[in-house]
Structure formats: C-alpha cells, structure tokens
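Trainee: Here it is, the structure, as structure tokens.
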Amino acid sequence: MVVLKSLPGVDSGGGATNDDAAAAKIQKNPQFVLDVFISEATQNKEKDLRIMDGASTKGVLSHLSLLEVQARSRKSERQQPSRVKELKAKAEALRTQRDQLKAEIETHKSLQKLRASMDKQCAHEEEEDEEMAEDSENSELLRLMARHTQLKDLLHAHDIIGGYSVIKTRQGKGLCVSVTTAYNGVYLENYNLEMDLKPTVRISRDNIPPFIPLKSLAEQSNMQTDIRTLLDPLSQHLNAFAARKQQLKLVKELHKSVKVMESNALCSLLVLMFTVPREKMAVLCSLEYTDHTRCLPTRVHFECEDQGLPDSPEWKKNGSLLMETPVHKALKTMKKMGDIV
Amino acid sequence: MDESTKRLLQRLMRRIQTQMLRTTLDKWGRLTGEQLRSMDFTLSKWALTEKLLAICEENELAVKHITELEMICESDVIDNPSQGMWYAFQLMDPEGTYYDAHSVELTQFKEQFKSHLRELIRHVSVKIKKHTDEAVWIRIAWGDTFSRPNHMKPTYVVHYLQTPYVFVTSLTSKQKPLLSQALVLSTRYQAIKDANLSGRKLTAIRDLLMRQYHQVFPTRYPAPIAENDQTVSNQHIEREQAEPAANRLQAACEAFGGGVLPQLQSAVYKLETKFRDHSNKTMTEREEPFKCVVKFASTNLLESLRHCASSGIASTPVTPLLSSIPLKGKNYFVITDNGPGPSSQMRQPQN
C-alpha cells in the first residue's frame, strides 16, 4: 500500500523555494496537486514492482530450486564413497599379494642357488660353503629349506628304484644293481647284477648262487620295460634264502642239543633230531620249505618210535609252532615247555 | 684181505701225505683208539703201510672199507694231489618246473643213481657219501660182464644237489655214456653236456663255476683293493700313476675277481678263423679257416691274467676273450668267424 506521506511538494510546514513554488501551485490549483500525486504514486508502484521481480530470481522460487538441486545431488553422492572404499581395499589386497609372491620368488631363487651349491658340495666334498649375502638367520632358514628339498628328491629317487642300490656303468650303457639281504635287523650278504641296457636289457654278470633261479625269473619278468619286475622277486628269493640260512646257523649255534641230520644248499629242507626229556626218545622232525620266497616251512612232520607221540596235543601244538615261528625261536619255546631237551 | 685189496691200500698209502695220515685214519674210524695209538707216525711210509696192513687184517676189513678210506682221502683231505684232471659237466633242461628239479632229495638221488647205474652195467660198485658243504661224492668202480669191479681205477663224481653242476675225474670214453645216463635219470634233468672247464683242483673249478670266489662289481664307493706291496721305486712316478693304476686294478678285479682266485692251470683257445695278415697273400687267400690252438698255461692262470691287466701289460678294459674264462666258467673255447665271442662247442662227441 502506498502511503502518501511526505510528498516533497506537499509539506505544509516547511519547504524550500521549490516547494514554495509547488506549494504555491497546489494552493493555487488543487487539480495540479492531484496530478503530481498520481504521477508520483504510479512511479513508486512501478519501482516496487521492479524490485519484486528481481527478488524472484534471487528469491523464494530460486531458493526452492536450489534446494531441489542440492537434494538431488546429495542422493547420488551417498553411493560413491562405499564403492570407492571397496575398490581401494581390493587394490590393497592385490598389492599385498603381489608383494608376497615377489618375496616367494626371491626365496625360491636363492633356494635354488643354495641347492645347486649343496649338490655340488655332495659331489666334491672338499669345497667350502659360499657366503650368503643376507643376514645369518635368513640364510640358516634357507639352508634348511634347501636341505629339505634335497632329501625329498633323494627319497623320491629311492622310491623309484625300489630301494636297490643302482649305479650306471660304461657311460650309461650298463647298470650295476646291488641287492642286499638282511634278517632280524642284521645285514647279511650283498648280491650284485651287472646288466647291459643296449640293445636290449640283459644280465651280463652276477654273483647269485646257482640254486637261485635267476634265469627263469628273468624270463618271467618284464625287465625290458620295468626292471623291478625282475628285482623284486629276486630280492624276495634272496632274502628268504638268507633268512633260512641264518635260521639254520642259529639253530646250530644256540641249540647244541638238537642235531641237524640233513640240510641242503638252498636251505629248503631241514631234518632235526630232538630228544624227549623223560623217555629219552628221539623224535625226527622234517621241515620242508617248498615256497622259496618264504622263510617259514610249508610242512612239518614228526617221526618217532612212539607212534602216538606226533598226534598228542603238545606235539600238535609244536607242529603249528614250527609252522608259524622261525625254527630257532620255536626250539627255544619247545625247550621252555619241556617238550625237548 | 686179498691181494687186490692189499695193493689198493698200498697205493693209497703212497698217495697220503704222512702228516695227514693220523687225521685221515681218525676220520675213517675203522681203527680202535688203541690201534691208532700203536702206530708210530715217525716211521717211514713203507713201515707205516705194513703196520696198517696188519691192523686191517686184524680187523678183518674188506675192500669196501678201504674204498671208504680212499674216498676220505679224495674228498676230505685238502690239497690232496688228485689223481688227475677234474672235468666239469652241466645238467640241462630241468624236467617240470624249477621246484621239481630243486626238490631232489639226497636219499632219493642215492637210490635212483645206484639202481639206474646197476641197470646199465651189472658189475659196478657204487659208494655215495654226502659232505657238510652239500657236495655228494660218488665213487664208482667199474667192472664188465666178466670181471669184478676194478677198484684200482675208480671214477669219482661230485654233484651239488640243487645246482646243475657235476664234476668228474678218471672217466673213460666208454664209461661216459653210462654215467651220463644214470645222472640224468636220477636228477630229473633231460640232458648233460660238457661244461668246457677242467683243472687239477676240484675246489678251483667248483668255485669258478659256482661263483664262490670274491667277485668285484662296480660300486659307487669302491673300497680300496689291497694290491701286493711293490717296492716304491720313484715317488714321482707313484704319484702320477696313482689314479691310472687304481683304475687298472679295479678293471682287472672286475674282470677276474678280487682276493684269492681259483687256481686254474690252463686255458685253451681253438681258433677256426680265416687267416688274416695282409703281408702274407698265400695264406690269406685260402678259403678254409686257419686251424690253430692257443694255450695259456700257468700254476695260477687267473692270478697271472689279473696281474697282466693290473700292471698294464694287457690293456683295460680286459678283452672278452680273457674275461670269458671267469664269466662263463670255462677254459676251453672254440672261436669261429661267425661270432665275436667264444662258442661253446663240445670237445668230445656226446651220445
């Protein structure tokens, strides 16, 4: 509302000469005053209207639209930080993995170097250790790791050749295999086989006793493709023979009261004479070892003047004892039981 | 005791060495303790023979007892100068499986051999005895349709059960087929052949054939083989030659064996190869092979050959012609143009 308050020209109290003129005019002409008043009022109204228009760009509406924009942008800004965090975390993880792998490669390289020097050391045992650049703790660990891989490889090779000691001869054209025999934790004889590899695999020399059927074992084996098909049965035969031979030796040494009536080269037959304590009777015991790959008998037979003795329960037990335990141990038990002298 | 028995005992006494006499008579066990004590072993052999003859008369011993004594002399007394050469034979083609041939028992073998031989020739005296080293000794005195067995010329046969090897001495060509037949039938093999190995000492040819001497094989860590001490002539030469000498020794021992070697007396190579010498055209042009026999003889052949190789006289690796002797267990080889190695032809025709 326009308040017609202090119109400059219409001031009754004071006033300048202009005013005086104006006032004079107003006094003179009331129509004139009214015209000025109306023109002045409309000019003010236009001014006010113009001010209000400016406030609409910087006013409420604009404020509203600004708020709208802000709200919209705030919504979209809420998703991006978490995604960025995720990606950052992933990158971090990948970086640490890369560092780990790099470290492993480094260790492996130095391990290989160490292992190569270790292998060389084994071949020429005079060489001294090479120095490691790293600190002592690290190098000690590396040394242990290298030794570990060396031993693992050695075990693997040992498995492949089945525990036999094999060496190459004649620049790889031949092999020499050594088969060891043992019984009761004691190493006995060593037997050797020298073999040609070209043009076919064949045995050229050996020191295996003639009653071991080397030739027929070789014929039955698949030694052209897998040499263990010859070595394993041969080792079985040799070890069983060595075990039986050792048992016979122990019987002779430990049981002097038992007389060995008969034996043979292959130790596949043993005839012993026992003396029964009370009646002082003699019992003839035959042990047949028809399975030459085993060191226990396949048949036990007793003969005695007293026909009933072999069928008695104690001697039946003795029979099965002799079938299941090595003869020198069985005799010990039989002596303890008082069945024999 | 009849004359022939007396002569047998006298001949036997001539062959026994005086220092072995007491132990031999002890082993024989046919003299009582008193009788044994009554023999004065410081007397001359002739006197001892007379004394022994008297004791044998006293005990009424017969020819079979004397043959026992003879067998003891042959088999138990070590280094007994044998009657002659021992020849090795090998049984071939076992019947049935390996188990069958290896399960021939002693008593079985004894009975079968005696019965088969008696079937082939009526008048024959056979004595079989087994030794602690699993050797079966057989003494055969041959007679014929008209005469009794001749104990003055017995044949000795030694067989190791469960091996195909048989060693024979004093066998004539007439007796050979009979013995072969009896052996083959009683051991469950199908044939017997000459193993081309002979020598004066049974133990030597047995050890060679049955691989009972110390063989040397290539190993990763070869143990130092003790060589006979040689006087060190020049230290510099020793130092330079140390490694080649060790290599030669190793090669020589691998070819012939280490330690004490079986004593062979000879090796014979019968060559039936074409003559090859470019400077002699007439001989080279001949079509037929040039027949030639090369014989190596020594008191201990294998030892000398090993020494040749280890001292460098024979080059190493040892030629297969020489190393075949211990490898194949033979000392008679026939070499033809067909094969590079020695062939195993028979020396005498078999039946």
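The listed protein sequences derive, respectively, from chains A and B. Offset between the first sequence (1-based) and my numbering: plus 109. Offset between the second sequence (1-based) and my numbering: plus 370. We put the CB at the ideal spot given by N, CA and C, even for glycine.
Per DSSP, which one or two residues make a beta bridge with TYR398(A)?
Mentor: Residue mapping note: residue 398(A) aligns to position 289 of the first sequence, counting from 1. TYR398(A) is not bridged to any residue.
Trainee: Leaving aside the five residues before and after GLU427(B) along the sequence, list all residues of the same chain whose C-beta is less than 7 Å from its C-beta, in chain order.
Mentor: Position 57 of the second sequence holds residue 427(B). Once the five neighbours on either side are set aside, the close Cβ partners of GLU427(B) are MET371.
Trainee: Going by alpha carbons, who is nearest to CYS678(B) out of PHE626(B), PRO696(B), GLN611(B)?
Mentor: What you label residue 678(B) is simply residue 308 of the second sequence in a count that begins at 1. Among PHE626(B), PRO696(B), GLN611(B), the Cα nearest to that of CYS678(B) belongs to PHE626(B).
Trainee: Pick out whichever of LEU531(B), LEU672(B), ASN429(B) has its Cα sitting closest to the Cα of VAL630(B).
Mentor: On the second sequence, residue 630(B) is found 260 positions in, with the first residue counted as 1. Answer by Cα proximity: LEU672(B).
Trainee: Does the beta-carbon distance from ASP564(B) to LYS644(B) come in below 7 Å?
Mentor: The residue given as residue 564(B) occupies position 194 in the second sequence. The residue given as residue 644(B) occupies position 274 in the second sequence. No, the pair does not count as a contact, with Cβ atoms beyond the cut-off.
Trainee: Is the Cβ of PHE479(B) closer than 7 Å to any Cβ of chain A?
Mentor: One-based indexing of the second sequence puts residue 479(B) at position 109. No, its Cβ sits nowhere closer than 7 Å to a Cβ of chain A.
Trainee: Quick one: measure Cβ to Cβ for GLU397(A) and ALA351(A), integer angstroms, because I've assumed they're closer than 8 Å.
Mentor: Residue numbering aside, residue 397(A) sits at position 288 when the first sequence is read from its first letter. Residue numbering aside, residue 351(A) sits at position 242 when the first sequence is read from its first letter. About 19 Å separates the two Cβ atoms, so there is no contact after all.
Trainee: Please report whether the beta-carbon of ARG581(B) lies at a distance below 7 Å from any beta-carbon of chain A.
Mentor: Here residue 581(B) refers to the residue found at position 211 of the second sequence. Output row for ARG581(B): interface = yes.
Trainee: Can you find the residues in the same chain that come closer than 6 Å, C-beta to C-beta, to MET241(A), ignoring five residues on each side of it along the sequence?
Mentor: Translated into positions along the first sequence, residue 241(A) becomes position 132. Note that MET241(A) has pLDDT 46, beneath the 50 cutoff, so the model's placement of it is unreliable and the number below is only indicative. Same-chain partners within the cutoff: SER248.
Trainee: If distances are taken between C-alpha atoms only, which option among THR652(B), ILE491(B), HIS501(B) comes closest to LEU476(B)?
Mentor: Counting from 1 along the second sequence, the entry for residue 476(B) is found at position 106. Ranking THR652(B), ILE491(B), HIS501(B) by Cα distance to LEU476(B) puts HIS501(B) first.
Trainee: Please determine if the region 312–322 of chain A and the region 531–548 of chain B are in contact, where contact requires at least 3 C-beta pairs separated by less than 8 Å.
Mentor: Touching, yes, given that three or more Cβ pairs across the two stretches are closer than 8 Å.
Trainee: Is the shortest distance between the beta-carbon of ILE276(A) and the beta-carbons of chain B less than 7 Å?
Mentor: Your numbering for residue 276(A) matches position 167 in the first sequence. Answer yes: the Cβ-Cβ gap between ILE276(A) and chain B drops below 7 Å somewhere.
Trainee: As a quick exercise: from GLU489(B), VAL586(B), SER517(B), pick the residue whose alpha carbon is nearest that of LEU697(B).
Mentor: Residue mapping note: residue 697(B) aligns to position 327 of the second sequence, counting from 1. Minimum Cα distance to LEU697(B) is reached at VAL586(B).
Trainee: Going by CA-CA distance only, name the one from LEU343(A), MET382(A), SER344(A) that's closest to LYS361(A).
Mentor: Counting from one through the first sequence, the residue named residue 361(A) turns up at place 252. The shortest Cα separation from LYS361(A) among LEU343(A), MET382(A), SER344(A) belongs to MET382(A).
Trainee: Tell me whether ASN566(B) sits in a helix, a strand or coil according to DSSP, three-state version.
Mentor: If you number the second sequence from 1, residue 566(B) lands on position 196. ASN566(B): strand per DSSP, three-state reduction.
Trainee: Going by DSSP, what residue range makes up the beta strand (DSSP E) through GLY283(A)?
Mentor: Locating residue 283(A) in the first sequence gives position 174, where the first residue counts as 1. Note, GLY283(A): beta strand (DSSP E), 283–292.
Trainee: DSSP state of GLU657(B), grouped into three classes?
Mentor: Taking the first residue of the second sequence as position 1, residue 657(B) is located at position 287. GLU657(B) falls in the coil class under three-state DSSP.
Trainee: Nearest to PHE531(B) by CA position, among VAL554(B), HIS606(B), ILE436(B), is which residue?
Mentor: Start at 1 with the first residue of the second sequence, and residue 531(B) comes out as number 161. Phe is not the amino acid found at residue 531(B); the sequence shown has Leu there. For LEU531(B), the nearest C-alpha among the options comes from VAL554(B).
Trainee: So if DSSP puts LYS218(A) in a beta bridge, which residue, or which two residues, is it bridged to?
Mentor: For the purposes of this step, residue 218(A) is taken as residue 109 along the first sequence, with counting starting at 1. In DSSP, LYS218(A) forms no bridge with anything.
Trainee: Could you tell me whether the Cβ of ALA374(A) comes closer than 7 Å to any Cβ of chain B?
Mentor: Position 265 of the first sequence, counting from 1, holds the residue named residue 374(A). Yes, ALA374(A) counts as interfacial toward chain B.
Trainee: Along the chain, where does the alpha helix (DSSP H) that runs through LEU326(A) open and close?
Mentor: Locating residue 326(A) in the first sequence gives position 217, counting from the first residue. That run of the alpha helix (DSSP H) goes 323–329.
Trainee: Classify SER550(B) as helix, strand or coil using the three-state DSSP reduction.
Mentor: Walking along the second sequence from the start, residue 550(B) turns up at place 180. SER550(B) falls in the helix class under three-state DSSP.
Trainee: What residues in its chain sit with their C-beta under 6 Å from that of SER395(A), if we drop five residues either side in the sequence?
Mentor: Sequence index remark: in the first sequence, residue 395(A) carries index 286 (1-based). Once the five neighbours on either side are set aside, the close Cβ partners of SER395(A) are VAL380, HIS410.
Trainee: Taking a Cβ distance cut-off of 8 Å, strictly less, list which residues of the region 325–339 of chain A are near chain B, in chain order.
Mentor: Going along the region 325–339 of chain A in chain order, one finds SER325 with a Cβ nearer than 8 Å to chain B.
Trainee: Could you list which residues in chain B have their beta carbon closer than 8 Å to that of SER287(A), in chain order?
Mentor: Indexing the first sequence from 1 puts residue 287(A) at position 178. Residues of chain B passing the Cβ test: PHE587, THR589.
Trainee: Run down chain A in chain order and give the residues with a C-beta less than 8 Å from the C-beta of LEU476(B).
Mentor: Position 106 of the second sequence, counting from 1, holds the residue named residue 476(B). In chain order: GLU371, ASN373.
Trainee: Nearest-angstrom Cα distance between ILE508(B) and LEU395(B)?
Mentor: If you number the second sequence from 1, residue 508(B) lands on position 138. If you number the second sequence from 1, residue 395(B) lands on position 25. The alpha-carbon atoms of ILE508(B) and LEU395(B) are separated by roughly 20 Å.
Trainee: Checking contacts by CB at 7 Å: is PHE350(A) closer than that to chain B?
Mentor: Stepping through the first sequence from its first residue, residue 350(A) is reached at position 241. False, the Cβ-Cβ gap to chain B never drops below 7 Å.
Trainee: Return the first residue and the last residue of the beta strand (DSSP E) that ASP305(A) is part of.
Mentor: Within the first sequence, the letter at position 196 stands for residue 305(A). Per DSSP, ASP305(A) belongs to the beta strand (DSSP E) from 295–305.
Trainee: Label TYR296(A) either buried or exposed according to how many other C-beta atoms from any shown protein chain fall within 10 Å of its C-beta, with 16 as the threshold for buried.
Mentor: Your numbering for residue 296(A) matches position 187 in the first sequence. Under this definition TYR296(A) is an exposed residue.
Trainee: Can you give the Cα-Cα distance for SER674(B) and SER694(B), rounded to whole angstroms?
Mentor: The count along the second sequence starts at 1 and reaches residue 674(B) at position 304. The count along the second sequence starts at 1 and reaches residue 694(B) at position 324. Cα-Cα distance, rounded: 15 Å.
Trainee: Determine, using beta carbons only, whether GLY628(B) and HIS584(B) come nearer to each other than 7 Å.
Mentor: Taking the second sequence and counting its residues from 1, the one referred to as residue 628(B) is at position 258. Taking the second sequence and counting its residues from 1, the one referred to as residue 584(B) is at position 214. Their beta carbons are under 7 Å apart, which means GLY628(B) touches HIS584(B) by this criterion.
Trainee: Since LEU379(B) and LEU422(B) should fall inside the 8 Å C-beta cutoff, what is the C-beta to C-beta distance between them, to a whole number of angstroms?
Mentor: Position 9 of the second sequence holds residue 379(B). Position 52 of the second sequence holds residue 422(B). Indeed, because the Cβ distance is near 7 Å, the residues count as touching under 8 Å.
Trainee: How should SER330(A) be labelled, buried or exposed, when 16 other C-beta atoms within 10 angstroms of its C-beta is the threshold for buried?
Mentor: Taking the first sequence and counting its residues from 1, one reaches residue 330(A) at position 221. So SER330(A) counts as buried.
Trainee: Pick out the complete beta strand (DSSP E) segments inside the region 473–523 of chain B, 3 residues or longer, and give them in chain order.
Mentor: Fully enclosed beta strand (DSSP E) runs of 3 or longer: 494–500, 505–512.
Trainee: If the cut-off is 8 Å on Cβ atoms, which residues from the region 498–523 of chain B count as contacting chain A, listed in chain order?
Mentor: Listed by position, the residues of the region 498–523 of chain B near chain A (Cβ gap below 8 Å) are GLU504.
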